[in-house]
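Visitor:
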């Protein structure tokens, strides 16, 4: 075996690789068995290599194991020959590298004991080292094939892109002739590619009147390589096949292909863009006109700087012209306390489409502050993102709101019965807070209407008030005395020079008071109640806002001063009859409820009278309602005079009256009272030159005999009164439950005590 191996020349690994790759073996002069073609797979090539290793190296088996992708496991790629038995294996493994790392192992087996001598080991090791040539060559071939396929695909892709491009792509050679014309160009210029290929670019795409100019430009560009379109996009006018013109922008890119210069023009139809720009410009012009004509102050800001300001904004911010505002920072006009609010509004990512107005304080150019209502909206201005700011001066509205709040607070004090000096002091504080410069004083008229006394002067020096004392109601008695005397406001803009202050000038000037305006306080029917004064430390007249404040404060002071009288008047109107001044039915019901409680507690009796004047309607019909009212007032006065001061009488309405006789010992006293009332009612009443004679019918209910509650007593007294009318009028009847009713709908009545008067017909005597 050894001799046989020595006589056989071993094939070198390089020769084996060449054989596997299909090269002819020069030493043997024959092509190796099964030489692979170039497109054999990697596995086929490895298998052929193993076959050569077995045949040339006289091994029983050759195997190739490759490293998996995770580089942790070997897998069998191929194997040739018979594996050695497990009893007597002779094997060797040879790693082979690829790109600096082990990529696999060549494993050889033999049944001979001396199979792996030095020559065989050298052969196997060299064969393993050359293994990467096979694998690397295969990978290079695969990559080359992939690149070739990619190149083919790229050419197809470029052709597809060129065809499908939305822009017109036109290529010309160094002679200015068109050599390519894509589909977009065909559609835009209404020309087929085969009709324009080989023609001059300017002759095909330019308007007739511009062809010479464009031809000169193309020639210069081809000669010098300079053109505005080569450095960027340039706008031109192009012509279609039908002669219609349209705007385009064009960019030219020079390239070199196989040593030849080619120029590719990228042309875009910008007709729609031009129309859109025209529309935008028109909208911008209209927007500017609307802004300039708006009565509201409108500002447009770009990056926080004023880019537009209308005349209303100039007036609001006290600027001379809009140009005086442009370029200035908007925060120059926002009070420092509100700049973070404005910053949030401007930098909001998505401000509302309809601006939401917020209240802020802004500052004019003269550094005066004012209350502002501000709304912001996003827009595009001159092609830039901008913010439109609408500013409204709400100083007057805020002042009116503050006045309304203060007025409501003071009226609440009046309604809840706060003492008058406290209410007037609050009015003075309120007036000073709204004026921000004046000192308020409120003086009240005395009962004799001769003098004014100080009621509230919270900010005036006490020494000044004491030195002035009570001020006489007279001219030349300072502003307040003069206003009270004349019943008109008195404005003194210079205490030092006005004769009205001759008697008190020294007191005022000594305390730093230089001007004073006083308004009279009137109540109902122009009754003078006092004065409100506003002192100034400078010689000045009140502002329009302060004059309005005078009107509010004098009204509040008048209401406060008349509070007690008003409360009494309200109470009177709520409980007394406006015509006769007698208690009304509501107050009488309170009297009756109180009498019921007292009678039940002490076991007393009382009588309830229901009195109705007979034939009173004839007075109204014949003499009129004014005469009837006069008769009612006189009869009410007489009836009231016929009763004790502890007895109660009320007018129910019309010509009906209630009478309550408390502490009734027996029925005879009630009868006596009824006779007195009938007598007073029957006395003639003179109206002008005429004399009216009336009578009355009275029904009487007694507690507890005729009812133990108010409703029952009232009902029974009413029934008794109607019974008295049935019996001839001008009389009275007691109610009794012991007798059956004489008429349907009437309570049972019996005469327990009755004095009959001869009915006196209503008549007028001259």
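Numbering (the working numbering), first residue to last: 5 to 770. Here a beta-carbon is modelled for each residue, glycine too, at the ideal position from N, C-alpha and C. The structure displayed is predicted, hence computed values, not measured ones.
1. Is the distance from the Cβ of residue 98 to the Cβ of residue 70 below 9 Å?
2. Output yes or no for whether 9 Å exceeds the beta carbon distance between residue 488 and residue 477.
3. Which of helix, strand or coil does DSSP assign to residue 544?
4. Note the first and the last residue of the continuous beta strand (DSSP E) segment covering residue 69.
5. Taking 8 Å as the cut-off, does the segment 431-439 touch the segment 387-399 (at least 3 CB pairs, one atom from each stretch)?
6. Roughly how far, in whole angstroms, is the beta-carbon of residue 586 from the beta-carbon of residue 654, given that I think they are within contact range, below 8 Å?
7. Check whether the segment 298-305 touches the segment 198-217, taking contact to mean three or more Cβ pairs, one atom from each stretch, closer than 8 Å.
8. Take residue 731 and list the residues in its own chain whose beta-carbon comes closer than 8 Å to its own, dropping the five residues that flank it on each side.
9. Between which two residues does the beta strand (DSSP E) holding residue 701 run?
10. So who's on the other strand from residue 250, going by DSSP bridges?
11. With which residues is residue 521 paired in a DSSP beta bridge?
12. What span of residues does the beta strand (DSSP E) with residue 662 cover, start to end?
13. So what does DSSP say about residue 318, is it helix, strand or coil?
14. Determine the DSSP secondary structure at residue 422, reduced to helix, strand or coil.
15. Quick check on the DSSP output: the beta strand (DSSP E) that includes residue 177 runs from which residue to which?
16. Give the DSSP-derived three-state secondary structure of residue 120 in the structure shown.
17. Do you know how far the Cα of residue 85 is from the Cα of residue 65?
18. Work out the CA separation of residue 206 and residue 184 for me, nearest whole Å.
19. When you compare the segment 432-446 with the segment 525-545, are there three or more beta-carbon pairs, one atom per stretch, that lie closer than 8 Å?
20. Whose C-beta lies closer than 7 Å to the C-beta of residue 222 among residues of the same chain, with five residues either side of it excluded?
21. Would you kindly report the start and end of the unbroken beta strand (DSSP E) that includes residue 446?
22. Less than 7 Å between C-beta atoms, sequence neighbours within five positions excluded: which residues of the same chain meet that for residue 455?
23. Measuring straight from C-alpha to C-alpha, what distance separates residue 646 and residue 687?
24. What whole-angstrom Cβ distance do residue 614 and residue 722 have, given they're in contact under 8 Å?
25. Count the other CB atoms, across all protein chains shown, that sit within 10 Å of the CB of residue 596; report buried if there are 16 or more and exposed otherwise.
26. Could you check whether residue 565 and residue 415 sit closer than 9 Å to each other, using their CB atoms as the reference points?
27. Between the C-alpha atoms of residue 667 and residue 606, what's the straight-line distance to the nearest angstrom?
28. If you run the structure through DSSP and keep just helix, strand and coil, what is residue 363?
29. Let me check understanding here. Comparing Cα to Cα, which of 563, 694, 238 lies closest to residue 627?
30. Taking DSSP as the reference, what is the three-state secondary structure of residue 52?
31. Count the other CB atoms, across all protein chains shown, that sit within 10 Å of the CB of residue 314; report buried if there are 16 or more and exposed otherwise.
32. My assumption, with CB atoms under 8 Å, is that residue 271 sits in contact with residue 174. Please give the rounded CB distance.
33. Cβ atoms of residue 329 and residue 310: under 9 Å apart, would you say?
34. What span of residues does the alpha helix (DSSP H) with residue 479 cover, start to end?
35. Ends of the beta strand (DSSP E) at residue 652?
Guide: Walking through what the data contain:
1. no
2. yes
3. coil
4. 65-71
5. no
6. 6 Å
7. no
8. 737
9. 699-707
10. 242
11. 495, 538
12. 660-665
13. helix
14. coil
15. 172-177
16. coil
17. 4 Å
18. 15 Å
19. yes
20. 180, 205, 206
21. 443-449
22. 474, 475, 476, 477
23. 13 Å
24. 5 Å
25. buried
26. no
27. 10 Å
28. strand
29. 694
30. helix
31. buried
32. 6 Å
33. yes
34. Unbroken run through residue 479: none, as it is neither H nor E.
35. 652-657
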